[in-house]
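Q: I'd like to ask some things about the structure below.
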RNA sequence: CGAGGUGUAGCGUAGUCCGGUUAGCGCACCUGCUUUGGGAGCAGGGGGUCGCAGGUUCAAAUCCUGCCACCUCGACCA
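Numbering (this note's numbering), first residue to last: -6 to 482.
Spelled out as structure tokens, the structure:
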């Protein structure tokens, strides 16, 4: 590992890739835009995933798995939805390879498929194809299914975790007998997204509705959680869609009501992806690397011992072992880094880079005084504590770190969220970075003008908007909505 | 796909203009000894189709032609 990473203030995007590669979260795959998620990065994803999974199940959802391949014809069935993805689909056209005369491998032309197959960019179409078979009566509803899967979108420009050609996510697809129930589901999930972001990822998010141009093409309404990154740009961290009867109509999914009439099914779909890892990095990271919220840190506490020989390390192990076991029994993820031939200083830097929330330093001094040296990654400070109360001390500290990371991020977001009244002011503020809250006349043309001129887009129309007596920042007309504008990833 | 740039060991690079030793250096890696309270030191060692293909030449990383890949900026996007 080479020394140091690019300073955050010097070059934010270089800093970002440095953190990912040096902290061993991920590496570039051989095909453009693909990414290998390395064990440490995947361990974070698993913790994030487990938390969402737990909450989906607690609200009555079940996991299932639908195929990667989708018949091309399915995409013709929902015109708006197709518009959104047609330009970025990977297509399977052949099923065989053959060796050439000169021993190179080429596609066997005789294996051309009758019907070309699409690699899913999202699974609405296959799922609705299946729902048609599964739904007859209102007694079959609701269907509350989630799947953890990979999807492929052939992106022009990619960035590790934030936008890769293939990524991992969960996609929930629900079917309901009434609009209100489907709408309730859509917002219920948004609540889960918001609370996991806040309570586990320690990321404050803005919740609201997307504008027409920013919403998912197949949806009636798209709701989102938006987060502010360390460079003050916005990141869409999760979306939940009310699909109305769009897919039911496209795939002809009707059900018989309790009064024996026939009606199209109402639907929702929702997803969060490995992009969240990118958000964690950019919201919490500092010049020394990653800072992980304890809730999703694969290692919450690392012990770095000072020792010169076997005898010393054995003494340290013997001394710390009961406390280590006690911490483990409380569910704390703890690791003793007893690697030889690597200096403690090197380990300090390495674990800081990897964002481990708490480090315990232990050597002859500590054993003699029964006082351990503890380093807190969120504030980069050391303190001492008696060993006999270690477990409570560590538990409290992890809680504090979890809280503090959220507080820091929340403070940063508040400091960089502005309300403006004039377009001149708007442009000045947008250029400095951050979220801008202002009146908007609700037209796409205004939205586009602002985007073309400032690169800022509407991130969402916040739930707590109050457009009354406000004017559109651009057109000066009465505002239909208050919107949050920002430059986004 | 438009504009610009870069390809030399796992990574970062010198050398390319002006052709001429065995392609040099740092990090990483391996071995040994000494070390260890904030990225240890010394000694030894391994690793290169110089992006690919052709051409010019006594001689090519270096000059010429073609191709490929990647990066930055646009257009496109979770």
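The C-beta atom is built at its ideal place from N, Cα and C for all residues, glycine as well.
Could you tell me which of 201, 225, 478 and 431 sits nearest to residue 444, measuring between CA atoms?
A: Of the candidates 201, 225, 478 and 431, the residue whose Cα lies closest to the Cα of residue 444 is 478.
Q: Label residue 195 either buried or exposed according to how many other C-beta atoms from any shown protein chain fall within 10 Å of its C-beta, with 16 as the threshold for buried.
A: buried
Q: On the three-state DSSP scale, how would you describe residue 307?
A: helix
Q: According to DSSP, simplified to helix, strand and coil, what is residue 328?
A: strand
Q: Going by C-alpha distance, which of 262, 339 and 272 is nearest residue 6?
A: 272
Q: What is the DSSP secondary structure of residue -6, counted as helix, strand or coil?
A: Reliability fails at residue -6, whose pLDDT of 39 lies under 50, so the model's placement of it is uncertain and the value that follows must be treated cautiously. Residue state, collapsed to three classes: coil.
Q: For residue 127, which of helix, strand or coil comes out of DSSP?
A: helix
Q: Is the Cβ-Cβ distance between residue 353 and residue 294 less than 8 angstroms?
A: yes
Q: Taking the Cβ atom as the reference point for each residue, do residue 456 and residue 200 lie within a distance shorter than 8 angstroms?
A: yes
Q: Which same chain residues end up closer than 8 angstroms to residue 205 when comparing Cβ atoms and leaving out the 5 residues on each side of it in sequence?
A: Counting only residues of its own chain and dropping the five nearest sequence neighbours on each side, residue 205 has a CB closer than 8 angstroms to the CB of 437.
Q: State yes or no: is the C-beta of residue 63 within less than 8 angstroms of the C-beta of residue 110?
A: yes
Q: Ignoring anything shorter than 3 residues or poking outside the segment 331 to 417, list the beta strand (DSSP E) runs there in chain order.
A: Residue ranges of uninterrupted beta strand (DSSP E) with 3 or more members, entirely inside the segment 331 to 417 and ordered along the chain, are 351 to 355, 364 to 369, 374 to 379 and 410 to 412.
Q: If we require 3 or more residues per run, which beta strand (DSSP E) segments fall completely within the segment -4 to 77?
A: 19 to 21, 28 to 30 and 62 to 64
Q: Compute the Euclidean distance between the alpha carbons of residue 182 and residue 263, then round it to the nearest angstrom.
A: 7 angstroms
Q: Report the option in 430, 152, 242 and 223 whose CA atom is closest to the CA atom of residue 460.
A: 430
Q: Going by the DSSP bridge assignment, what does residue 156 pair with across the sheet?
A: 152
Q: I need the DSSP call for residue 80, collapsed to helix, strand or coil.
A: helix
Q: With respect to the beta strand (DSSP E) encompassing residue 221, which residues constitute its N-terminal and C-terminal limits?
A: 214 to 221
Q: Consult DSSP for residue 169 and reduce its assignment to one of helix, strand or coil.
A: strand
Q: In whole angstroms, what separates the C-alpha of residue 250 from that of residue 213?
A: Residue 250 and residue 213: Cα-Cα distance of roughly 23 angstroms.
Q: Can you round the beta-carbon distance between residue 261 and residue 233 to whole angstroms, since I take them to be within the 8 angstroms contact cut?
A: 7 angstroms
Q: Comparing C-alpha positions only, which one of 26, 49, 27 and 303 sits nearest to residue 138?
A: 49
Q: Would you kindly report the start and end of the unbroken beta strand (DSSP E) that includes residue 430?
A: 428 to 433
Q: Give the straight-line distance between the Cα atoms of residue 192 and residue 24, rounded to the nearest whole angstrom.
A: 36 angstroms
Q: What three-state label does DSSP hand residue 290 in the structure shown?
A: coil
Q: Per DSSP, residue 483 is paired with what?
A: No answer is possible for residue 483: it lies beyond the span of the chain, which begins at -6 and ends at 482.
Q: Can you tell me whether residue 87 is buried or exposed? The criterion is at least 16 other CB atoms within 10 Å of its CB, across all chains shown.
A: exposed
Q: Should the segment 46 to 60 be called in touch with the segment 133 to 149, which here means at least 3 C-beta pairs below 8 angstroms?
A: Segments in contact, yes.
Q: May I ask you to verify whether the segment 143 to 163 touches the segment 19 to 36, counting CB pairs closer than 8 angstroms and requiring at least 3?
A: yes
Q: Pair every Cβ in the segment 369 to 385 with every Cβ in the segment 296 to 309, then say whether three or more of these pairs are closer than 8 angstroms.
A: no
Q: Inspect the CB distances between the segment 384 to 393 and the segment 401 to 417 and report whether three or more fall short of 8 angstroms.
A: no
Q: Just the C-alpha distance for residue 450 and residue 61, rounded to the nearest angstrom, thanks.
A: 32 angstroms
Q: Any idea what DSSP makes of residue 474, helix, strand or coil?
A: In this structure, residue 474 counts as strand in the three-state DSSP scheme.
Q: Going along the chain, which residues of its own chain have a beta-carbon closer than 7 angstroms to the beta-carbon of residue 236, five neighbours each way excluded?
A: 211, 212, 213, 260, 261 and 262
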